[in-house]
Amino acid sequence: TLPSGFAALDAELPGGGWPRRVLTELLLAHPGVGEMRLLAPALAAVAGCQRSVMLFDPPAALCAAALAQLGVDPLQMIVVHGREGAKGANLRHLLASADLLWALEQALKSGHVGAVLAWLPDGLRADALRRLQLAAQAHDGPVFLLRGIEMRRKPSAAPLRLALHAAAPDELSLHLLKRRGPPLAQPLKLTLARVLPPSLRARAAQRLVAPVPVAVETPLQDA
Numbered sequence: 014t015l016p017s018g019f020a021a022l023d024a025e026l027p028g029g030g031w032p033r034r035v036l037t038e039l040l041l042a043h044p045g046v047g048e049m050r051l052l053a054p055a056l057a058a059v060a061g062c063q064r065s066v067m068l069f070d071p072p073a074a075l076c077a078a079a080l081a082q083l084g085v086d087p088l089q090m091i092v093v094h095g096r097e098g099a100k101g102a103n104l105r106h107l108l109a110s111a112d113l114l115w116a117l118e119q120a121l122k123s124g125h126v127g128a129v130l131a132w133l134p135d136g137l138r139a140d141a142l143r144r145l146q147l148a149a150q151a152h153d154g155p156v157f158l159l160r161g162i163e164m165r166r167k168p169s170a171a172p173l174r175l176a177l178h179a180a181a182p183d184e185l186s187l188h189l190l191k192r193r194g195p196p197l198a199q200p201l202k203l204t205l206a207r208v209l210p211p212s213l214r215a216r217a218a219q220r221l222v223a224p225v226p227v228a229v230e231t232p233l234q235d236a
């Protein structure tokens, strides 16, 4: 495993950190709830060993200054985008998914990447997730799949699944939906590194909404 950088989270993760050679699913109410700050300590450790971090189809451009502030070397980040040019957002997303999945699978099988983050469509087929899980077995590092919170009720080949909600501008509420062993009944509250200036933090606090309840998934749903 790779330490997450959060002692409370490592205490609940099997092996005491983010697992290697398997998929970890992060289910988000919306992008930007704090997922990058959650992963930053692990990504900083990977990049600090001069190993690349590959990001597949992130929903927004990366901010090099923010990454550096979090201790992540931006020079080790590789961003991969799908094909463009199709008309209509839905059609473009479907066309992008095929080549992105192929590139993601090849990257995992190569064994040359330090960590992988992939923003995948919610309508991804179950057999595609199983293929990625098999490919991840050749990857000596963490693999994070980021998907919508609606996927929490769908079965998944990922051995570790977490739902993330913003609890405050610099706090994250984390639900362990699936792990090796019993599910965690209560969510974890993690304090994240600050990257926003005070004025923007105050605006974010005003806009923050209460997190929605999350159903706990049992291992039987993935049989």
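In the working numbering, the protein residues as written are 14 to 236. All residues carry an ideal CB built from backbone N, CA and C; glycine is no exception.
Can you name the start and end residues of the alpha helix (DSSP H) that S186 belongs to?
That residue, S186, is in no alpha helix (DSSP H); its beta strand (DSSP E) goes E184 to K191.
In this structure, does DSSP put G61 in helix, strand or coil?
helix
Just the C-alpha distance for R144 and E118, rounded to the nearest angstrom, thanks.
8 Å
Residue(s) in a DSSP beta bridge with R174
Its beta-bridge partners are E38 and K191.
Segments of 3+ residues assigned as beta strand (DSSP E) that fall wholly inside the region 78 to 157:
Runs of the beta strand (DSSP E) inside the region 78 to 157: 90 to 93 and 128 to 132.
Just the Cα atoms here: how many angstroms apart are W115 and A148?
11 Å
Cα-Cα separation between E48 and A81, rounded to whole angstroms:
16 Å
Spatial distance of K244 from D112 (CA atoms):
Coverage of the chain is limited to positions 14 through 236, which leaves residue 244 absent and any answer about it impossible.
Report back the beta-carbon spacing between A42 and H152 to the nearest angstrom; my notes put them in contact at under 8 Å.
About 28 Å; that fails the 8 Å criterion.
For A74, the three-state DSSP class (helix, strand or coil):
coil
Just checking, does the region 157 to 174 make contact with the region 20 to 37 on the three C-beta pairs under 8 Å criterion?
yes
Measuring straight from C-alpha to C-alpha, what distance separates G18 and E184?
15 Å
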